[in-house]
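Trainee: Residue numbers (my numbering): 27 to 222. Beta carbons: idealized from backbone N, C-alpha and C, even for Gly. No experiment lies behind these values; they were computed from the predicted model shown.
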Amino acid sequence: MKIIAYGNPILRKQSSEIKEIDGEIRRLVGDMKETMKAAGGVGLAAPQVAVSKMLFVVDWSLLENEEIREEGIVAYINPVIHSVSEKNIVDLEGCLSIPEVAAEVMRPDRIEMSYQDLNGGEVELELTGYPARVVQHEYDHLQGILFIDRLAQSERAKIRDKLKDILAGRVKPFDGTQPVKGTSTEPVTYKRPAVF
Ligand SMILES: [Zn+2]
Numbered sequence: 027m028k029i030i031a032y033g034n035p036i037l038r039k040q041s042s043e044i045k046e047i048d049g050e051i052r053r054l055v056g057d058m059k060e061t062m063k064a065a066g067g068v069g070l071a072a073p074q075v076a077v078s079k080m081l082f083v084v085d086w087s088l089l090e091n092e093e094i095r096e097e098g099i100v101a102y103i104n105p106v107i108h109s110v111s112e113k114n115i116v117d118l119e120g121c122l123s124i125p126e127v128a129a130e131v132m133r134p135d136r137i138e139m140s141y142q143d144l145n146g147g148e149v150e151l152e153l154t155g156y157p158a159r160v161v162q163h164e165y166d167h168l169q170g171i172l173f174i175d176r177l178a179q180s181e182r183a184k185i186r187d188k189l190k191d192i193l194a195g196r197v198k199p200f201d202g203t204q205p206v207k208g209t210s211t212e213p214v215t216y217k218r219p220a221v222f
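(1) Who are the Cβ neighbours of Gln179 in its own chain at under 6 Å, not counting the five residues just before and after it?
(2) Hey, out of Gln40, Arg196 and Val83, whose CA is closest to Ile51's CA?
(3) Given 7 Å as the limit, tell me if His163 has its C-beta closer than that to any heavy atom belonging to ligand 3.
(4) If we ignore side chains and look at the alpha-carbon of each, how far apart do Asp194 and Val161 end up?
(5) Count the other CB atoms, across all protein chains shown, that sit within 10 Å of the CB of Asn104; report buried if there are 16 or more and exposed otherwise.
(6) Quick check on the DSSP output: the beta strand (DSSP E) that includes Gln179 runs from which residue to which?
(7) For Tyr102, which of Leu70, Arg196 and Asp135 has the nearest alpha-carbon?
(8) Since Ile185 contacts Ala129 with CB under 8 Å, what's their CB separation in whole angstroms?
(9) Per DSSP, Gly120 is paired with what?
(10) Measuring alpha carbon to alpha carbon, tell me which of Met27, Leu37 and Glu46 ends up nearest His163.
(11) Tell me whether Phe222, by its Cβ, gets closer than 7 Å to a heavy atom of ligand 1.
(12) Under 8 Å, do Pro134 and Ile192 count as touching if we go by C-beta distance?
(13) Mark Thr209 as exposed unless 16 or more other C-beta atoms lie within 10 angstroms of its C-beta, in which case mark it buried.
(14) In chain order, what residues of the same chain lie with their CB nearer than 7 Å to the CB of Tyr165, ignoring the 5 residues before and after it?
(15) Just to confirm, are Ala76 and Met58 a CB contact at a threshold of 8 Å?
(16) Could you give the first and the last residue of the continuous beta strand (DSSP E) run that contains Glu150?
(17) Could you give the distance in angstroms between the alpha-carbon of Val214 and the alpha-carbon of Val221?
(18) Can you check whether the CB of Met80 is closer than 8 Å to the CB of Leu144?
(19) Apply the 10 Å Cβ neighbour rule to Lys131 and answer buried if 16 or more other Cβ atoms are within range, or exposed otherwise.
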């Protein structure tokens with residue numbers, strides 16, 4: 027699938043709830059997983075492939091040193107973040123829809139969430155640290171929020187020219203025509219800032 031870029035109005039829409047996890051949704055999840063891998067992302071939200079539905083996928087296997095990496099690739103359907111910690115932490119983020127841009131974002135350190143799995147089962151989850159950050163970034167996509175909206179003034183000033191390049195089409199996100207990373211024999215190595 028083609029990943030849409032910053033500036034596309036679809037990235038600013040509120041996503042709608044998925045009423046039924048049918049064949050169409052399963053196909054979409056499969057296509058999104060493939061696209062995420064090919065683009066070298068840790069996560070991918072449906073709006074990033076121009077689908078305004080409450081769904082994102084995360085490839086936890088790319089997060090070295092995190093226990094959750096054993097979960098592999100997980101699809102999160104109709105996710106809800108119920109509560110966040112008062113403690114905030116700052117770390118670098120990037121986004122597949124905002125290529126070649128990285129900035130420091132402050133976010134709550136811990137979240138409690140629920141979501142539906144591909145079988146429609148309700149799952150409760152608590153995440154801390156970088157995994158909590160990945161999920162918050164993806165969750166924001168479902169509400170039409172981008173990580174650049176959460177930057178301090180000084181961080182925002184640093185990336186202004188890069189954003190202009192994306193809006194002008196000089197820098198483009200993964201569109202399916204670039205070489206597919208997942209098919210090479212080389213492992214896709216994760217290095218911060220991760221993009222999701
Ligand atoms: Zn993103």
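Mentor: Reading from the atomic positions:
(1) Counting only Cβ-Cβ distances below 6 Å, and skipping sequence neighbours, we find nothing.
(2) The shortest C-alpha separation from Ile51 is found at Val83.
(3) With respect to ligand 3, the structure shown offers nothing to examine, as its ligands consist of ligand 1.
(4) The amino acid occupying residue 194 in the given sequence is Ala; Asp does not appear at that position. Spanning the two alpha carbons is a distance of roughly 29 Å.
(5) So Asn104 counts as buried.
(6) Careful: Gln179 lies outside any beta strand (DSSP E), inside the alpha helix (DSSP H) at Gln179 to Leu193.
(7) It is Leu70.
(8) Ile185 to Ala129, Cβ: 6 Å. Contact.
(9) According to DSSP, which records beta bridges pairwise, Gly120 is partnered with Ala128 and Val221.
(10) Here the closest residue by C-alpha is Leu37.
(11) Yes, the Cβ of Phe222 comes within 7 Å of a heavy atom of ligand 1.
(12) Pro134 places its beta carbon 8 Å or farther from that of Ile192.
(13) Reliability fails at Thr209, whose pLDDT of 45 lies under 50, so the model's placement of it is uncertain and no value is given.
(14) Cβ within range, chain order: Pro105 and Ile107.
(15) Not closer than 8 Å, so no.
(16) Segment Glu148 to Thr154, the beta strand (DSSP E) holding Glu150.
(17) Residue placement at Val214 is poorly supported in this model, since its pLDDT is 44, which falls under 50; the coordinates still yield a value, given next. Rounded to whole angstroms, Val214 to Val221 spans 13 Å at the Cα level.
(18) No, they are not a contact pair.
(19) According to the sequence as given, residue 131 is Val; it is not Lys. By the neighbour-count criterion, in which 16 or more other beta carbons inside 10 Å mark a residue as buried, Val131 falls on the buried side.
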